[in-house]
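Below: the structure, in structure tokens.
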Amino acid sequence: MRLLVLASAIWTILAMAFLHHKTKGFGKRTLFSKPAGSPRKGALYAFTRGMAPWAKESVMLNLPSYVAGMAFHAGVFSAFGLMCLALLGFELPFFLLVIAQVFTLLGAIGGLSLFVKRIVKAELRGLSCPDDFVSNLLSTAFALLAFLWTLVPSMESLWLAEGALLLIYAPIGKIRHCLFFFTTRYHLGAFFGRRGTFPPEGNSHA
Amino acid sequence: MPELDELESRLDALVEGDFQRGLEVFRSKLKEAEASYLNSCVHCGLCASSCHYHRADATLENVPAHKLDVIAAVFKRNFTAMGRVAPGLVGARTFDREMAKAWVDAVFGRCSLCGRCSINCTIGIAMPRIFRAARAALGAMGLTPSDLQATVDNSLQHGNNMAITQEDWVETVQWIEEELQMEVDDPEAKLPLDKKGAKILFTVNPREPKFFPLSLQASAKVFWAAKEDWTLSSDPGWDLTNYGLFNCKDDEAGAITQNLVDAMERLGCKTLVIGECGHGYGAARWEGPEWLQKSYPFEIKSILELMDDYLREGRIHVDPSKNTVPVTLHDPCNLVRHGGICEAQRRVLRKSVTTFTEMTPNRAENFCCGGGGGQLSMARYKNRRIQSGGVKAGQIKDTGAKIVVAPCHNCIDQLMELNKEYKLNVQIKTVAEMVADAIVTTA
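Chains A and B, in that order, are what the protein sequence lines are.
For the first sequence, the residue numbers in this note's numbering are 1 to 206.
For the second sequence, the residue numbers in this note's numbering are 1001 to 1443.
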């Protein structure tokens, strides 16, 4: 099982590297207009203050979804952390284990709530394709199994198998945003930074 | 609706080669950034409330992510491995007549390219960049709405988007000059035409000579008060508009931009000043050099920056007590969010009026008035345009202002319609008009 996880991780890394390479292959746009601001400062803003909930009206208007999403991501990342430690044979100190349990459980709850939301809300359902459900289920199950494994260690094989499946699927579906989130956010920040819009000077919600 | 029928019949007449050509053009517009955007959407749907179309009509088709998805589906099918292997799983779609129709509806009919969704996207997808690529592809397939294309054709054929003849333009300038001389009681007050070697070439939206001569007169008064060395051009270089930004045919947009460059070279001016027009500023300042594939050999500025400079440097003096009616400010998307001109107009207004109230939200978070993206020229989508403008109308009402200042003549046209439709009972003015009213000539 450990070999399967390792092979899946290698597949994920290679496939993500290929996707990144392919995207790079579209080429960089040469810009001729004189910049009004700094792309670097814009990118920095996009990855820092620009990600704060209060910087985005869309987040402030949908706080429960935002909180669920953050918990979901924290849970999945915690589960990956646990999986790495499990594969290396490390045991977490008790207080860290409790934290990991809280994160993975909340992550699973967050993921499940978003899954239900996607089914129940007509608009979100209309926006979804099978990949949205598959990606959510694989990630939610991974966080949930990680939590259960901390209570029932005999579930390790099931959890690792599910983890391998998640790793195999990651570059195939929308979980690839774990790579493209960073490139997209960089491009957004650089674009608005160059134009002098990022970082903003005044209070847009005053 | 002959235009509607015409577009429908063009859709019906599409053949395989058209789709191929559309895809080739679409692909040619994508670079690393756009490819990244097209791989990023997680369908969270949180962008919905950021769109004024969705705020006014909460349907799936108005969710920015859905509009993006219509385009991304075709991208996946044609340019990704999984889209070819398992299209059903990842939501990939073949580019056929049905999808072409969906593209037209999404990118021409339900988007003003305002970019508010970009700022509010949890990932950070700059959706207008994708929608512009899609508009370009549809243009290559002959699917640009004909009234939008007609506006571009006017610029290409007549040198300005309202087909004003050179004779009419020159006569209007001379008439406004006489009016200015009377207003400021100075026979030397001029609207110089074709003054070689002038420091500034000032460009205007053709709506000014055609419908709003007081706007041009106000700008001229500011130049007069600042003792500026400026000129207008009698040839096509006087029109700052460029609807090539909206039909997204870069060759046509570049040809229109070239008019400005030619006028600058012919007159030997140092600075190209763009009058109060959001898309005109965006097109000339940001996209023009990209369309021409070369940097400008001259400086380019918005008149808002120039007025801000004049006030800071003490070249003009204003008395805010001349403008006591409560004022609010509209932020044109192409000037502010996409243009980066956020604060200059605010500094100018604060000095020129007694009561200035911000809309909420404002600056880069502003709502589009609904008239952007070429919507004003596309009659078939008029009802949606007016409906989506309801969001801006609500913002204006909330301020309690009696004057809406809009540094954009396209926005002004839309705001005038909103004023009537939503009974706002406000006046709509440019920043220069407010400054001109507040100018103290004896200082």
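Heads up, the beta-carbon is just placed ideally off N, CA and C, and yes, glycines get one too.
Note that the coordinates shown come from a computational prediction; the quantities given were computed from them, not determined experimentally.
If we cut at 8 Å on Cβ distances, does residue i have a partner in chain A?
{"i": "E1343 of chain B", "result": "yes"}
{"i": "Y1053 of chain B", "result": "no"}
{"i": "I1396 of chain B", "result": "no"}
{"i": "W1286 of chain B", "result": "yes"}
{"i": "D1018 of chain B", "result": "no"}
{"i": "K1294 of chain B", "result": "yes"}
{"i": "T1430 of chain B", "result": "no"}
{"i": "E1305 of chain B", "result": "no"}
In the DSSP assignment, find the unbroken beta strand (DSSP E) run with residue i in it and report its ends.
{"i": "E1299 of chain B", "result": "1299-1302"}
{"i": "T30 of chain A", "result": "Where T30 of chain A is concerned, there is no enclosing beta strand (DSSP E), given that its DSSP letter is neither H nor E."}
{"i": "V1273 of chain B", "result": "1271-1274"}
{"i": "K1429 of chain B", "result": "1427-1429"}
{"i": "F1202 of chain B", "result": "1200-1203"}
{"i": "T1328 of chain B", "result": "1327-1329"}
Who are the neighbours of residue i on chain A, taking C-beta pairs under 8 Å?
{"i": "N1154 of chain B", "result": "Within 8 Å Cβ-Cβ: nothing; N1154 of chain B doesn't reach chain A, min ~25 Å."}
{"i": "T1328 of chain B", "result": "By Cβ distance, chain A contributes nothing, its closest Cβ being about 12 Å from T1328 of chain B, past 8 Å."}
From residue i to residue j, what does the alpha carbon distance come to, in whole angstroms?
{"i": "I10 of chain A", "j": "H187 of chain A", "result": "27 Å"}
{"i": "A1100 of chain B", "j": "R1110 of chain B", "result": "14 Å"}
{"i": "S1321 of chain B", "j": "R1363 of chain B", "result": "26 Å"}
{"i": "W1238 of chain B", "j": "P1206 of chain B", "result": "8 Å"}
{"i": "N62 of chain A", "j": "S1028 of chain B", "result": "37 Å"}
{"i": "F191 of chain A", "j": "G42 of chain A", "result": "7 Å"}
{"i": "D1308 of chain B", "j": "Q1345 of chain B", "result": "7 Å"}
{"i": "S38 of chain A", "j": "G1280 of chain B", "result": "23 Å"}
{"i": "K1382 of chain B", "j": "V1426 of chain B", "result": "22 Å"}
{"i": "V1063 of chain B", "j": "C1368 of chain B", "result": "15 Å"}
{"i": "P1236 of chain B", "j": "A1263 of chain B", "result": "8 Å"}
{"i": "G27 of chain A", "j": "M1359 of chain B", "result": "40 Å"}
{"i": "N1259 of chain B", "j": "H1158 of chain B", "result": "11 Å"}
{"i": "P199 of chain A", "j": "T1165 of chain B", "result": "44 Å"}
{"i": "A1035 of chain B", "j": "L1143 of chain B", "result": "24 Å"}
{"i": "L1304 of chain B", "j": "D1105 of chain B", "result": "35 Å"}
Could you work out which residues of chain B lie near residue i, taking near to mean beta carbons separated by less than 7 Å?
{"i": "I172 of chain A", "result": "M1082"}
{"i": "R40 of chain A", "result": "Within 7 Å Cβ-Cβ: nothing; R40 of chain A doesn't reach chain B, min ~15 Å."}
{"i": "A143 of chain A", "result": "In chain order: nothing, as chain B lies at least about 17 Å away."}
Between which residues of its own chain and residue i is the CB-CB distance below 7 Å, once the five residues before and five after are set aside?
{"i": "L165 of chain A", "result": "L138"}
{"i": "H20 of chain A", "result": "L179"}
{"i": "L1193 of chain B", "result": "V1170, V1173, T1231, L1232, S1234"}
{"i": "E1179 of chain B", "result": "Q1217"}
{"i": "L1349 of chain B", "result": "V1327, L1329, F1356, V1405, V1431, M1434"}
{"i": "W1103 of chain B", "result": "V1070, I1071, A1134, L1138"}
{"i": "F142 of chain A", "result": "V76, A79, E162, G163, L166"}
Quick one: residues in its chain with C-beta nearer than 8 Å to the C-beta of residue i, no 5 flanking neighbours on either side, listed in chain order?
{"i": "D1168 of chain B", "result": "P1209"}
{"i": "V152 of chain A", "result": "none"}
{"i": "E1177 of chain B", "result": "A1189, K1190, L1191, A1220"}
{"i": "R118 of chain A", "result": "L124, R125, S128, D132, F133, N136"}
{"i": "E156 of chain A", "result": "M1, A86, W149"}
So residue i contacts chain B; which residues on that side make the cut at Cβ distance below 8 Å?
{"i": "L127 of chain A", "result": "H1043, G1045, L1060, V1063, A1065, H1066, D1069"}
{"i": "S204 of chain A", "result": "P1361, N1362, R1363, A1364, E1365, N1366"}
{"i": "S78 of chain A", "result": "Ordered by position in chain B, no residue passes the 8 Å Cβ test against S78 of chain A, which lies about 20 Å from the chain."}
{"i": "E57 of chain A", "result": "S1049, S1050, N1120, P1361, E1365"}
Quick check on residue i - is its C-beta less than 8 Å from some C-beta in chain B?
{"i": "A7 of chain A", "result": "no"}
{"i": "S139 of chain A", "result": "no"}
{"i": "F181 of chain A", "result": "yes"}
{"i": "S33 of chain A", "result": "yes"}
{"i": "E123 of chain A", "result": "yes"}
{"i": "R216 of chain A", "result": "Residue 216 of chain A falls outside the range modelled here, since chain A spans only 1 to 206, and no answer is possible."}
{"i": "F191 of chain A", "result": "yes"}
{"i": "R49 of chain A", "result": "no"}
Following a CB-centred definition, is residue i positioned closer than 7 Å to any heavy atom of the ligand COA?
{"i": "S1295 of chain B", "result": "The ligand COA is absent from the structure shown, which contains no ligand whatsoever."}
Please list, in chain order, all residues of the same chain as residue i whose beta carbon is under 6 Å from its beta carbon, the five residues on each side excluded.
{"i": "A1220 of chain B", "result": "L1180, L1191"}
{"i": "M1141 of chain B", "result": "D1018, G1022"}
{"i": "D1319 of chain B", "result": "A1438, V1440"}
{"i": "I1396 of chain B", "result": "V1404, L1424"}
{"i": "S1302 of chain B", "result": "I1274, Y1281, I1341"}
{"i": "P1187 of chain B", "result": "Q1181"}
{"i": "G1091 of chain B", "result": "A1073"}
Which residues in chain A sit within 7 Å of residue i, going by Cβ to Cβ distance?
{"i": "L1424 of chain B", "result": "Under the 7 Å cutoff, chain A gives no residues; its nearest Cβ is about 22 Å from L1424 of chain B."}
{"i": "E1032 of chain B", "result": "T23, K24, F26, G27, K28"}
Would you kindly report the start and end of the unbroken alpha helix (DSSP H) that includes residue i?
{"i": "V1222 of chain B", "result": "1213-1225"}
{"i": "V1170 of chain B", "result": "1166-1184"}
{"i": "T1257 of chain B", "result": "1250-1267"}
Can you list the residues of chain B that residue i reaches, using a CB-CB cut of under 9 Å?
{"i": "E201 of chain A", "result": "C1342, E1343, R1363"}
Strictly below 9 Å CB to CB, what residues from chain A border residue i?
{"i": "G1091 of chain B", "result": "S128, C129, P130, D131, D132"}
{"i": "Y1281 of chain B", "result": "Near Y1281 of chain B there are no residues of chain A at all, since even the closest Cβ is about 11 Å away, more than 9 Å."}
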